[in-house]
Amino acid sequence: MIGFSRTKRSAASNAGYADLFGFIGFLFCLLTIVASTMATTAPAEPLAAVLKSVNDFTLDLYLKAAEAKGPGKNILVSPLSASLVTAMVHAGARGKTLEEITKGLRYPTDKDTLEKGFSSLHDLLANTPNVTLEIANKVFVEKTAHAKLVEGYKKTITEVHKSDVESADFLNNHDKERISINNWVSDKTHEKIKDLLQPGVVTPATAMVLVNAIYFYGKWKEQFDKKQTYPEDFYITKSQTVKVPMMHMTKNMRYAEIPELDAKAVELCYTNENVCLQIILPNAKDGLEGLQQKLRAGAFDLSNIPFYPTKVQLSLPKFKLEETINIKDLFKKMGMQSMFEQSADFSGMFDGVPVAVSDAIQKTFMDVNEEGTEAAAATAMVGLLISLDMEPIETVNANHPLIVRLVVRAAGGGTLDAKSTATLLVGHLSSPQPS
1 MIGFSRTKRS AASNAGYADL FGFIGFLFCL LTIVASTMAT TAPAEPLAAV LKSVNDFTLD
61 LYLKAAEAKG PGKNILVSPL SASLVTAMVH AGARGKTLEE ITKGLRYPTD KDTLEKGFSS
121 LHDLLANTPN VTLEIANKVF VEKTAHAKLV EGYKKTITEV HKSDVESADF LNNHDKERIS
181 INNWVSDKTH EKIKDLLQPG VVTPATAMVL VNAIYFYGKW KEQFDKKQTY PEDFYITKSQ
241 TVKVPMMHMT KNMRYAEIPE LDAKAVELCY TNENVCLQII LPNAKDGLEG LQQKLRAGAF
301 DLSNIPFYPT KVQLSLPKFK LEETINIKDL FKKMGMQSMF EQSADFSGMF DGVPVAVSDA
361 IQKTFMDVNE EGTEAAAATA MVGLLISLDM EPIETVNANH PLIVRLVVRA AGGGTLDAKS
421 TATLLVGHLS SPQPS
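FYI, the UniProt record's numbering numbers position 81 of the sequence shown as 81, with every residue one higher than the one before it.
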């Protein structure tokens, strides 16, 4: 969620208004999606520009989140959802605030390109047959402040960002409205994300709550045999292990060696073959931090992994993952400072009501098992299966910390690039919890 608080600028401008707070809730999904309707051609220029912005933003967000969480901890962030919901904030920003958000989120500077790109991206995400992918944006505005909402801003968030706008009585029934918003979120995420807004977050001074909810459910194209799931060691460190239920299969899938990162990667697809889970595994059991250092140094672009089809021995732990991340701190480390300060300029959002962002929190959920994946955010992994045949097989032994990247691919072809993919979720698994 992102919270807006009214800033104090002058006695005249403050007259007649209480402090205003708003919150943007982030709920997320993890998966790799390739739009089959766009599989024969590259995405149009505005969409390509927005996809590239999400990709460029992804690595910075992930590395900042990993650094904040510290070694040995699971991490899960959704760059795409963060970008989608912050785009609604960006639409109302002006001046330095606009410049910082544009730079931090890597948005195109041309307004027309940005708006056409996001509109196309919403259309792309809405077209994923054979899996369930549901995305919803909604803006709740205090009814006494609704008249101060800039008409052009309202048009942008409804037409470009596909968001509904609803009046709410925060002034007189703030806790009732908080519960109502939480119920909306729970409904949109099939009860996987509950109580997003804690008591005290919504107050009589709340002006606006912006929420983005994403839910995903998909079955694997090739489901795991439950009889082949059994406990195996997962190396939290070189010498410390934990038993996890490991699923196994040997199938043809997309695989890659990444010598620049001393790692390998694999994709596991759902019944919609354009929707896949992507795993990047360090070759060394204690190689995750070294891999992250290489990414910080720009040694390799994860949007250009050279996948090719081959037979792979795969082991994937069953697990559930739930996490809450303070996005505000990460944004500030990425140079987006003024949106949180009294000097924030959101004059394109409210007319005559100076506001600033007070908070930003992302909440995620994922469940991976033999049948597939259910998520309102997510992460996952791959590993080793011993095969008795003599056919050449690549092995991915994911029994140690690894990176998970869930991307939306808008164009076909074996090689991904920054203009044809968008990362819904990126994270790493250091200490798996059983599903």
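Even for Gly, the Cβ is constructed at its ideal location relative to N, Cα and C. Since this is a predicted model, take the numbers as computed values, not measurements.
Nearest residue (CA-CA) to residue i, options the options
i: Gly372; options: His161, Lys320, Val202; result: Lys320
i: Val368; options: Thr229, Val355, Phe331; result: Thr229
i: Thr144; options: Leu424, Lys162, Glu166, Tyr153; result: Glu166
i: Glu100; options: Leu402, Asp351, Phe346, Ala375; result: Phe346
i: Ser53; options: Pro108, His161, Ile75; result: Pro108
i: Lys243; options: Met253, His428, Glu232; result: Glu232
i: Gly92; options: Glu374, Asp351, Ser431; result: Asp351
i: Gly335; options: Cys269, Gln240, Thr97; result: Thr97
i: Arg178; options: Pro71, Ala207, Val150; result: Ala207
i: Ser81; options: Ser431, Val396, Lys363; result: Lys363
i: Leu424; options: Gly70, Ala68, Leu124, Glu115; result: Leu124
i: Pro282; options: Ile236, His161, Ala398; result: Ala398
i: Asn252; options: Leu133, Thr310, Met246, Ala344; result: Thr310
i: Ile305; options: Ile258, Gly72, His90; result: Ile258
i: Ser163; options: Thr102, Lys138, Asp169; result: Lys138
i: Pro317; options: Leu330, Thr324, Glu370, Lys154; result: Glu370
i: Gln337; options: Ala68, Lys103, Asp301, Pro71; result: Lys103
i: His174; options: Glu159, Pro199, Asp195, Gly152; result: Pro199
i: Thr324; options: Arg296, Lys194, Ser303, Leu302; result: Lys194
i: Lys154; options: Gly95, Ala126, His90; result: His90
i: Val355; options: Arg94, Pro432, Asp110; result: Arg94
Chain-order list of residues whose beta-carbon lies under 7 Å from that of residue i (same chain, five-residue window excluded)
i: Ile181; result: Phe140, Leu197, Val209, Val211
i: Phe57; result: Pro79, Ser83, Leu105, Arg106
i: Gln292; result: Leu63, Ala66
i: Gly414; result: Caution applies to Gly414, whose pLDDT of 42 falls short of 50 and renders its modelled position unreliable; the value that the coordinates give is listed next. Result list for Gly414: Phe307, Tyr308, in chain order.
i: Pro46; result: Thr113, Lys116, Gly117, Ser120
i: Leu235; result: Per the sequence shown, residue 235 should be read as Tyr rather than Leu. Taken in chain order, the residues that qualify are Thr241, Lys285, Asn399, His400.
i: Leu330; result: Leu61, Lys64, Ala65, Ala68
Same chain, Cβ closer than 8 Å to residue i, neighbours up to 5 away in sequence not counted
i: Asn172; result: Pro204
i: Asp60; result: Met334
i: Thr132; result: Tyr215, Phe216, Tyr217, Gly218
i: Asp389; result: In this prediction, Asp389 has a pLDDT of 38, which is less than 50 and means its spatial position is unreliable; nothing more can be read from the coordinates.
i: Asp262; result: Pro282, Asn283, Ala284, Gly287, Gly290, Leu291, Lys294
i: Phe300; result: Ile258, Glu260, Leu261, Lys294
Supposed contact pair residue j and residue i - C-beta distance, whole angstroms, cut 8 Å
i: Lys192; j: Phe365; result: 5 Å
i: Leu222; j: Val312; result: The sequence shown places Glu at residue 222, rather than the Leu named in the question. Not a contact, Cβ separation roughly 11 Å.
i: Phe224; j: His248; result: 7 Å
i: Lys294; j: Glu260; result: 7 Å
i: Ala360; j: Ile327; result: 4 Å
i: Val50; j: Gly117; result: 3 Å
i: Thr241; j: Leu314; result: That pair is no contact at about 20 Å.
i: Val150; j: Gly348; result: 6 Å
i: Gly427; j: Val77; result: 6 Å
i: Thr156; j: Asn272; result: Thr156 to Asn272, Cβ: 31 Å. No contact.
Run of the beta strand (DSSP E) containing residue i, from where it starts to where it stops
i: Tyr217; result: 206–219
i: Met249; result: 241–258
i: Phe57; result: Segment 45–69 is the alpha helix (DSSP H) holding Phe57; no beta strand (DSSP E) there.
i: residue 519; result: Absent from the structure is residue 519, since the part of the chain shown begins at 1 and ends at 435.
i: Thr234; result: Inspection of the sequence shows that residue 234 is occupied by Phe rather than by Thr. 230–235 is the extent of the beta strand (DSSP E) around Phe234.
i: Pro309; result: 308–317
i: Ala375; result: 372–375
i: Thr395; result: 394–396
Extent of the continuous alpha helix (DSSP H) run through residue i
i: Phe331; result: 327–333
i: Gly290; result: 288–296
i: Thr271; result: Run containing Thr271: none; DSSP gives neither H nor E here.
Contact set for residue i: own chain, Cβ-Cβ below 6 Å, skip 5 residues either direction
i: His190; result: Tyr215
i: Cys269; result: Lys221, Cys276
i: Ala213; result: Leu27, Ala136, Val185, Lys188, Thr189
i: Asp286; result: Lys238
i: Ser88; result: Before going further, note that residue 88 is Met rather than Ser in the sequence given. Excluding positions up to five away in sequence, the list reads Ile157, His161, Leu210.
i: Met246; result: Glu232, Ser315, Pro317
i: Leu122; result: Before going further, note that residue 122 is His rather than Leu in the sequence given. Same-chain partners within the cutoff: Lys162.
i: Leu226; result: The residue asked about is misnamed: residue 226 is Lys in this sequence, not Leu. Counting only Cβ-Cβ distances below 6 Å, and skipping sequence neighbours, we find Glu370.
Chain D within 8 Å of residue i, Cβ atoms only
i: Ser315; result: In the structure shown, chain D cannot be found, because there is only a single protein chain.
### Message
Report the start-end ranges of each beta strand (DSSP E) in the stretch 100–179 that is 3 residues or longer and not cut off at the edges.
### Response
132–142, 163–168
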